[in-house]
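**Q** Residue numbers (the numbering used here): 10 to 83.
Ideal placement from N, C-alpha and C gives every residue a C-beta, glycine not left out.
First the structure, which I've put down as structure tokens, then a few questions once you've had a look.
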């Protein structure tokens, strides 16, 4: 009787750990795909941000910053 309860507890804990690990990886993959499809910042937002900081945004600067942000996401 006691041995059966121990096995139930062990199986429950293993299932819980497995579910948490699986949930983490599924959520991580979902967020990576979401951020790839919907980047948090685009060229227009970057241009506006630079203008608010008092810089004159050239297309070369914007392309450079976008490229560096995309490289960081990979």
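Where does the unbroken alpha helix (DSSP H) through residue 70 begin, and where does it stop?
**A** 68–82 is the extent of the alpha helix (DSSP H) around residue 70.
**Q** Distance check for residue 47 and residue 75, CA to CA, integer angstroms please.
**A** One C-alpha to the other measures close to 14 Å.
**Q** Secondary structure at residue 64, three-state DSSP: helix, strand or coil?
**A** Of the three classes helix, strand and coil, the one that applies to residue 64 here is coil, per DSSP.
**Q** Does DSSP put residue 50 in a helix, in a strand, or in coil?
**A** Note: residue 50 maps to coil in three-state DSSP.
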